[in-house]
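In my numbering, the protein residues as written are 0 to 387. Glycine included, every Cβ here is placed at the ideal spot set by N, Cα and C. These notes concern the structure reproduced below.
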């Protein structure tokens, strides 16, 4: 055998051994067949038990950092809030908790975060629903808002010449799974807004965007002229390797049975001035919105709201989707969609009940009841409707 052939044979053997050693650490194993390593892209891929596919993207390569204001950021994968407010909860008072689906085995590798794999069609669908959003502060029960087809039954802070400053918004939301058709959605949401900038979090059933009929967490960002759901545009920085901000919510309320709740809280941290998102009764930090992406929400909000939201195209057969439990509320937790501990935070991040509120409904198909302060439940409200 010539020297050249000997060298070639050795190289083949070395590559074969290296690939087998490397593959034992990176490729799918019998214990976790859903986690795979894409050698061509140097990316780990996770397929959840629900069929959703996520790519584990380097922390510094996630969509958030494509924002022009974040080119010289100093964020890092281990970032967590320096301070978490003392948030109250109704979770342990006659209710059960819903959980966010957490990836197995720690989720993505260290230094990476989960980003849902999207086709161009997926992005187009998400943009379609984002365009249905509006940032007009609702002022009366008969006001026509933004694009036709979006409807609300919410409790909101009253507008005025000198509104209070809000440094957070949160609540325990009862989780439901309303039956929704294609091109529709039904959601329970929390909103904080100042001018044209706003942040929103909650749960949503949206078979067109998520490609299933499950209940998911969602976030919506409107900052400096950019607006989108979840991580579909630059802005929201994910810090968890095992919980994406569009995760399936496991467990929902069935009418007549014990209510199941999930807590969300958005607040502006004092030291970093970033807006953090906490989720579940454990107050898990999911990620944050950097302060400098905002034009008008960089210091505080001037408006907050909580309640139900739906969307349906005007030509959709069957009319509007159901909201909440799919029935008009009779103010019974086992029967109706509700929110408890509707709260905000002051400039010292002391958590307080929201006051100075009013109801807003833009169709008779949906109803909201503002119960005010209800003892251990804090500021509570019920909402829902049959749609149609």
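Return helix, strand or coil for residue i, following the three-state DSSP convention.
| i | result |
| --- | --- |
| residue 259 | strand |
| residue 376 | helix |
| residue 77 | coil |
| residue 248 | strand |
| residue 292 | helix |
| residue 308 | strand |
| residue 65 | helix |
| residue 359 | strand |
| residue 125 | helix |
| residue 384 | strand |
| residue 60 | helix |
| residue 95 | strand |
| residue 272 | coil |
| residue 54 | strand |
| residue 280 | coil |
| residue 253 | coil |
| residue 342 | strand |
| residue 104 | helix |
Assuming residue i contacts residue j under a Cβ cut-off of 8 Å, what Cβ separation, rounded to an integer in Å, is found between them?
| i | j | result |
| --- | --- | --- |
| residue 270 | residue 81 | 5 Å |
| residue 386 | residue 366 | 12 Å between Cβ atoms; not a contact. |
| residue 348 | residue 166 | 6 Å |
| residue 340 | residue 87 | 5 Å |
| residue 175 | residue 323 | 6 Å |
| residue 350 | residue 265 | Their Cβ separation, rounded to whole angstroms, is 12 Å, which puts residue 350 and residue 265 out of contact at 8 Å. |
| residue 238 | residue 204 | Not a contact, Cβ separation roughly 26 Å. |
| residue 321 | residue 177 | 4 Å |
| residue 226 | residue 132 | 7 Å |
| residue 218 | residue 300 | Incorrect: roughly 15 Å between the Cβ atoms, too far for contact. |
| residue 101 | residue 369 | With 8 Å as the limit, residue 101 and residue 369 do not qualify as a contact, their Cβ atoms being about 34 Å apart. |
| residue 56 | residue 114 | 5 Å |
| residue 338 | residue 170 | 4 Å |
| residue 181 | residue 206 | 6 Å |
For residue i, count the other beta carbons within 10 Å of its own beta carbon; 16 or more makes it buried, fewer makes it exposed. Which is it?
| i | result |
| --- | --- |
| residue 342 | buried |
| residue 230 | buried |
| residue 375 | exposed |
| residue 302 | buried |
| residue 308 | buried |
| residue 118 | exposed |
| residue 106 | buried |
| residue 124 | buried |
| residue 212 | exposed |
| residue 75 | exposed |
| residue 49 | exposed |
| residue 334 | buried |
| residue 273 | buried |
| residue 196 | buried |
| residue 259 | buried |
| residue 294 | exposed |
| residue 67 | exposed |
| residue 286 | buried |
| residue 51 | buried |
| residue 316 | exposed |
| residue 31 | Because residue 31 sits at a pLDDT of 42, beneath the cut-off of 50, its placement in the model cannot be relied upon, and the following sentence gives the value as read from the coordinates. That one is exposed. |
Compute the Euclidean distance between the alpha carbons of residue i and residue j, then round it to the nearest angstrom.
| i | j | result |
| --- | --- | --- |
| residue 242 | residue 156 | 31 Å |
| residue 96 | residue 208 | 25 Å |
| residue 223 | residue 150 | 24 Å |
| residue 290 | residue 236 | 11 Å |
| residue 98 | residue 252 | 12 Å |
| residue 313 | residue 184 | 13 Å |
| residue 25 | residue 53 | In this predicted model, residue 25 has a pLDDT of only 30, less than 50, meaning its place in the structure is not dependable; the value taken from the coordinates is given anyway. The straight-line gap from Cα to Cα measures roughly 16 Å. |
| residue 172 | residue 267 | 21 Å |
| residue 112 | residue 69 | 17 Å |
| residue 305 | residue 161 | 21 Å |
| residue 352 | residue 364 | 28 Å |
| residue 103 | residue 276 | 22 Å |
| residue 328 | residue 256 | 15 Å |
| residue 94 | residue 261 | 10 Å |
| residue 360 | residue 43 | 45 Å |
| residue 198 | residue 128 | 15 Å |
| residue 158 | residue 164 | 12 Å |
| residue 20 | residue 147 | Confidence is the limiting factor: at residue 20 the pLDDT is only 31, short of 50, which leaves the residue's position unreliable, though a coordinate-based value still follows. Computed Cα separation, rounded: 58 Å. |
| residue 108 | residue 245 | 19 Å |
| residue 240 | residue 194 | 33 Å |
| residue 403 | residue 63 | Summary: the structure shown does not reach residue 403, with the chain confined to residues 0 through 387, and so no result is reported for it. |
| residue 249 | residue 279 | 12 Å |
| residue 234 | residue 254 | 37 Å |
| residue 73 | residue 355 | 39 Å |
| residue 381 | residue 221 | 26 Å |
Please confirm whether any heavy atom of the ligand NAP lies closer than 7 Å to the CB of residue i.
| i | result |
| --- | --- |
| residue 366 | Questions concerning the ligand NAP fall outside what the structure shown contains, since it holds no ligand whatsoever. |
Note to self: For a minimum of 4 consecutive residues, which ranges assigned as the alpha helix (DSSP H) are wholly contained in the stretch 172–226?
What the structure shows: 206–209
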